[in-house]
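Q: Below is a structure I'd like to ask you about.
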Amino acid sequence: MSENGNDAERKLCIICSKGTIDMAYPGLVLANAALMEGIDVTMFFTFWGMDIINKKKMNNLKATPLGNPSMGMPNIVGILPGVTAMASAMMKKEIEKLDFPPVDEFLETIHDAGGKLYACRMAMDMMKLKKEDLFSEVDDVIGAMEFMELSEGAQVLFI
Amino acid sequence: MSENGNDAERKLCIICSKGTIDMAYPGLVLANAALMEGIDVTMFFTFWGMDIINKKKMNNLKATPLGNPSMGMPNIVGILPGVTAMASAMMKKEIEKLDFPPVDEFLETIHDAGGKLYACRMAMDMMKLKKEDLFSEVDDVIGAMEFMELSEGAQVLFI
Amino acid sequence: MSENGNDAERKLCIICSKGTIDMAYPGLVLANAALMEGIDVTMFFTFWGMDIINKKKMNNLKATPLGNPSMGMPNIVGILPGVTAMASAMMKKEIEKLDFPPVDEFLETIHDAGGKLYACRMAMDMMKLKKEDLFSEVDDVIGAMEFMELSEGAQVLFI
Numbered sequence: 081m082s083e084n085g086n087d088a089e090r091k092l093c094i095i096c097s098k099g100t101i102d103m104a105y106p107g108l109v110l111a112n113a114a115l116m117e118g119i120d121v122t123m124f125f126t127f128w129g130m131d132i133i134n135k136k137k138m139n140n141l142k143a144t145p146l147g148n149p150s151m152g153m154p155n156i157v158g159i160l161p162g163v164t165a166m167a168s169a170m171m172k173k174e175i176e177k178l179d180f181p182p183v184d185e186f187l188e189t190i191h192d193a194g195g196k197l198y199a200c201r202m203a204m205d206m207m208k209l210k211k212e213d214l215f216s217e218v219d220d221v222i223g224a225m226e227f228m229e230l231s232e233g234a235q236v237l238f239i
Numbered sequence: 081m082s083e084n085g086n087d088a089e090r091k092l093c094i095i096c097s098k099g100t101i102d103m104a105y106p107g108l109v110l111a112n113a114a115l116m117e118g119i120d121v122t123m124f125f126t127f128w129g130m131d132i133i134n135k136k137k138m139n140n141l142k143a144t145p146l147g148n149p150s151m152g153m154p155n156i157v158g159i160l161p162g163v164t165a166m167a168s169a170m171m172k173k174e175i176e177k178l179d180f181p182p183v184d185e186f187l188e189t190i191h192d193a194g195g196k197l198y199a200c201r202m203a204m205d206m207m208k209l210k211k212e213d214l215f216s217e218v219d220d221v222i223g224a225m226e227f228m229e230l231s232e233g234a235q236v237l238f239i
Numbered sequence: 081m082s083e084n085g086n087d088a089e090r091k092l093c094i095i096c097s098k099g100t101i102d103m104a105y106p107g108l109v110l111a112n113a114a115l116m117e118g119i120d121v122t123m124f125f126t127f128w129g130m131d132i133i134n135k136k137k138m139n140n141l142k143a144t145p146l147g148n149p150s151m152g153m154p155n156i157v158g159i160l161p162g163v164t165a166m167a168s169a170m171m172k173k174e175i176e177k178l179d180f181p182p183v184d185e186f187l188e189t190i191h192d193a194g195g196k197l198y199a200c201r202m203a204m205d206m207m208k209l210k211k212e213d214l215f216s217e218v219d220d221v222i223g224a225m226e227f228m229e230l231s232e233g234a235q236v237l238f239i
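Taken in sequence, the protein lines are chains A, B and C.
Per this note's numbering, the very first residue in the first sequence carries number 81; after that it's consecutive.
Per this note's numbering, the very first residue in the second sequence carries number 81; after that it's consecutive.
Per this note's numbering, the very first residue in the third sequence carries number 81; after that it's consecutive.
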């Protein structure tokens with residue numbers, strides 16, 4: 081992957097704190113790109129980002145135009161029942177057109193390429209999730225202090 | 081705290097730009113964890129993040145299911161009067177159950193452990209805040225250039 | 081600008097993924113402050129952040145109180161037609177009062193000071209944008225892997 085020996089030392093940690101489609105994919109795309117560049121990648125899922133590794137939710141993430149005027153839909157329309165589902169389906173279709181895989185396949189690709197996937201213990205407790213609720217490729221459940229340890233020397237993104 | 085001499089050099093700067101409960105606690109938790117690992121911590125509050133250090137608002141931060149489908153509440157319900165208050169109270173209760181202190185106590189703990197707390201001058205002006213509106217543990221009001229100076233060599237998170 | 085020779089080596093990369101006024105300006109302000117400190121700056125626009133460099137949208141970014149309880153407006157009011165426009169106009173006025181220029185001028189200042197501006201190829205495709213839809217000062221359209229390459233050794237912010 082990398083022709084540069086120094087890259088072997090480069091580390092990227094991505095904290096995923098949001099569970100919407102439009103905030104899940106940037107983390108997945110960057111993790112994947114980094115791995116393809118030979119960079120060591122760790123993803124840490126916390127708060128709403130837990131949805132990305134929650135077996136029941138990961139392939140059914142949502143998007144809403146509410147609170148996001150960039151989507152160009154008036155709020156008075158955005159609140160109507162069915163609009164979140166419609167916006168979610170539209171965004172999923174756009175992402176498929178770009179040849180990005182669904183969330184579970186994407187995480188599997190990242191894991192297979194050596195990316196580490198960690199769930200936040202505190203968020204597990206807050207959302208009453210158990211290890212068996214999580215996607216099988218998740219490496220471990222860790223606390224914030226452990227995350228600080230493994231992110232030493234890394235570039236860290238908070239998404 | 082840290083048994084590792086090198087850790088003394090490690091620095092973490094957290095830019096807090098959001099004022100909701102669910103985006104305030106990740107910064108507080110990470111700051112606290114980093115300090116417990118012997119890492120030098122600076123928090124910089126700007127834009128909506130000013131609410132976290134605003135004496136009148138800090139212990140009354142809110143959460144809303146609107147624009148956040150991860151909370152699992154239909155938008156048509158989310159807009160009803162009282163729903164933001166209800167969602168905020170629920171989230172506060174969940175955070176208490178995890179034994180995290182209220183915002184003012186948490187900031188005090190962080191400050192007592194050596195964490196630095198800075199308010200953004202531009203955001204102060206935009207929100208017409210004075211120094212006396214801020215939590216007493218805030219170290220100083222600084223500009224973006226000063227923040228750039230003190231974040232030299234740090235891992236920087238934008239929340 | 082910088083009296084410190086070492087600063088010449090310092091790099092800051094800002095990933096702009098959001099297109100609201102209140103999430104566009106923090107990136108612009110930090111980029112500008114970093115350049116004034118002699119730091120090498122790269123801005124990478126992706127997802128909703130494309131609006132910041134979209135000629136038709138950049139000077140008409142919006143803000144909405146929906147999903148942002150920090151703005152202090154009840155959601156039941158926030159959904160009314162015209163409220164997003166009003167909130168956007170109010171925020172624009174506050175930003176002008178602080179003597180910050182409109183988005184196009186701000187990006188031009190950043191570019192003139194040596195800041196690099198890159199659009200994300202994937203986001204271009206997703207939003208059906210062409211090079212001619214982008215602000216003239218944008219240096220290039222690049223992929224996520226190229227972004228990973230040019231952010232080597234940088235402090236990276238995800239906004």
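Glycine included, every Cβ here is placed at the ideal spot set by N, Cα and C.
The structure presented is a predicted model; accordingly, all values stated were derived computationally and were not measured.
#1: What is the DSSP secondary structure of residue 218 (chain B), counted as helix, strand or coil?
#2: Any C-beta of chain B sitting closer than 9 Å to the C-beta of residue 119 (chain A)?
#3: Hey, is residue 174 (chain B)'s beta-carbon within less than 9 Å of any beta-carbon in chain A?
#4: Would you kindly work out how many angstroms separate the C-alpha atoms of residue 161 (chain B) and residue 159 (chain A), rounded to a whole number?
#5: Could you work out which residues of chain A lie near residue 229 (chain C), taking near to mean beta carbons separated by less than 8 Å?
#6: At 7 Å on the CB atoms, spell out the chain C contacts of residue 149 (chain A), in chain order.
#7: Please determine, among A:150, A:167, A:98, A:169, the residue with the shortest C-alpha to C-alpha distance to residue 137 (chain C).
#8: Counting contacts by CB-CB distance shorter than 9 Å, is residue 123 (chain A) in contact with chain F?
#9: For residue 164 (chain B), name the three-state secondary structure that DSSP assigns.
#10: Just to confirm my understanding: we take residue 218 (chain B), look at its own chain, exclude 5 residues before and 5 after, and list those with CB closer than 6 Å. What are they?
#11: Taking a contact to mean a Cβ-Cβ separation below 9 Å, would you say residue 102 (chain A) touches residue 227 (chain C) in this structure?
#12: Does the region 221 to 238 of chain C come close enough to the region 219 to 238 of chain A to have 3 or more Cβ pairs within less than 8 Å?
#13: For residue 221 (chain C) and chain A, any beta-carbon pair shorter than 9 Å?
#14: Using a C-beta cutoff of 9 Å, does residue 236 (chain A) count as contacting chain B?
#15: One question on the structure: do residue 92 (chain A) and residue 190 (chain A) come within less than 9 Å of each other, judged by their Cβ atoms?
#16: Do residue 147 (chain C) and residue 147 (chain A) count as a contact pair if the criterion is CB distance below 9 Å?
#17: Rounded to the nearest angstrom, what separates residue 184 (chain A) and residue 216 (chain A) at their Cα positions?
#18: Is it buried or exposed, residue 221 (chain A), if we count other Cβ atoms within 10 angstroms and call 16 or more buried?
#19: Beta carbon of residue 206 (chain C), beta carbon of residue 177 (chain A): below 9 Å?
#20: Quick check on residue 205 (chain C) - is its C-beta less than 9 Å from some C-beta in chain A?
#21: Taking only runs that begin and end inside the region 84 to 156 of chain C, name each unbroken alpha helix (DSSP H) of 4 or more residues, in chain order.
#22: Tell me the rounded alpha-carbon separation between residue 116 (chain B) and residue 192 (chain C).
#23: Quick one, which of C:98, C:104, C:142 has its alpha-carbon nearest residue 186 (chain C)'s?
#24: Using the beta-carbon of each residue, which ones in chain C are nearer than 7 Å to residue 159 (chain B)?
#25: Does residue 121 (chain B) pass the burial test, meaning 16 or more other C-beta atoms within 10 Å, or should it be called exposed?
#26: Around the C-beta of residue 155 (chain C), are 16 or more other C-beta atoms found within 10 angstroms, so that it is buried, or is it exposed?
#27: Round the Cβ separation of residue 113 (chain A) and residue 224 (chain C) to the nearest angstrom and send it over; I've been treating them as touching at under 8 Å.
A: Checking against the coordinates, here is how it stands:
#1: coil
#2: no
#3: So, interface residue.
#4: 14 Å
#5: 117
#6: 100, 142, 144, 164
#7: Comparing Cα positions, the closest option is A:150.
#8: This model lacks chain F altogether, as its protein chains are A, B and C.
#9: helix
#10: 133, 197, 199
#11: no
#12: yes
#13: no
#14: yes
#15: no
#16: yes
#17: 10 Å
#18: Burial call: buried.
#19: yes
#20: Yes, residue 205 (chain C) counts as interfacial toward chain A.
#21: 101 to 116
#22: Each residue's alpha carbon lies about 43 Å from the other.
#23: C:104
#24: 155, 156, 159
#25: buried
#26: Residue 155 (chain C) should be labelled buried.
#27: 4 Å
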